[in-house]
Amino acid sequence: MSESRLKQKVARLRQAYAPHEHRPLGGYLAAMGTYAGVTATITGLVRVTGRPVPERPATADVVLLAVATHKLSRLLSKDAITSPLRAPFTRYDHPIGSGEVMEQVRDTGSPTRHAIGELLSCPFCLAVWVATGLTGGLVLAPRLTRLVATALTAVAASDFLQMGYALAQRAADGRHHHKD
Numbered sequence: 003m004s005e006s007r008l009k010q011k012v013a014r015l016r017q018a019y020a021p022h023e024h025r026p027l028g029g030y031l032a033a034m035g036t037y038a039g040v041t042a043t044i045t046g047l048v049r050v051t052g053r054p055v056p057e058r059p060a061t062a063d064v065v066l067l068a069v070a071t072h073k074l075s076r077l078l079s080k081d082a083i084t085s086p087l088r089a090p091f092t093r094y095d096h097p098i099g100s101g102e103v104m105e106q107v108r109d110t111g112s113p114t115r116h117a118i119g120e121l122l123s124c125p126f127c128l129a130v131w132v133a134t135g136l137t138g139g140l141v142l143a144p145r146l147t148r149l150v151a152t153a154l155t156a157v158a159a160s161d162f163l164q165m166g167y168a169l170a171q172r173a174a175d176g177r178h179h180h181k182d
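Count along the sequence shown starting at 1, add 2, and that's the number in my numbering.
Here it is in structure tokens:
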């Protein structure tokens, strides 16, 4: 099938799928293909290096990677400091507190650009990629991956402690003002 016929087929499919809304199906296909390529590369590296793949990951590693995945996904998709990574694909909208920002996906440009914007601005979407990378790292470089995951987990725990402290402080200030 020629490239132009494939593009026409994807355009018809997109129109039939979402006739009243722009959904970049071609961009999603490119993102899925890239993800498959990354996964295949990690798998190939594991085979070439002869690293053993655990039959069942340790519960402690699963918990560590879960918290690290949460933190790194939010850091990459919402943190104000990482906004230059997202800027080619998103547009700043407003701050959402705790050093995070809300961004809108850029609607102009290619479907791939749009799909990347959705991926980079969604911590839930990005978590699949982050978890895949950390899981691959756990097999290929377990000590380094655990060290990085530990740091990310510590930052996530600190975030929750900071938010809890702020809530307790507001509650204490509220009680103090009611006594006057």
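Backbone N, C-alpha and C define an ideal beta-carbon position, used for all residues, glycine too.
The model shown is predicted, which means the values in this text are computed figures rather than measured ones.
Close CB contacts of G139 within its chain, under the 6 Å cut and outside five residues either way in sequence, are with T147 (chain order). In the DSSP secondary-structure assignment, R93 is bridged to Q106. Spatial neighbours of D161 in its own chain (CB-CB distance under 8 Å, excluding positions within 5 residues in sequence) are listed in chain order as K73 and S100. With respect to V107, S123 sits close: the two C-beta atoms are nearer than 8 Å.
Here S75 is buried. Its C-beta has 16 or more other C-beta atoms within 10 Å. Secondary structure note for G139: its alpha helix (DSSP H) is the uninterrupted segment P125 to L142. Restricted to the region 27 to 56, not a single beta strand (DSSP E) segment is unbroken, complete and at least 3 residues in length.
For the options T110, D81, P90 and D109, the alpha carbon positioned closest to that of H96 is the one of D81.
Annotation for T41: T134 place their beta carbon closer than 7 Å to its own, counting only its chain and skipping 5 residues before and after. Secondary structure at I118: helix, using DSSP grouped into helix, strand and coil.
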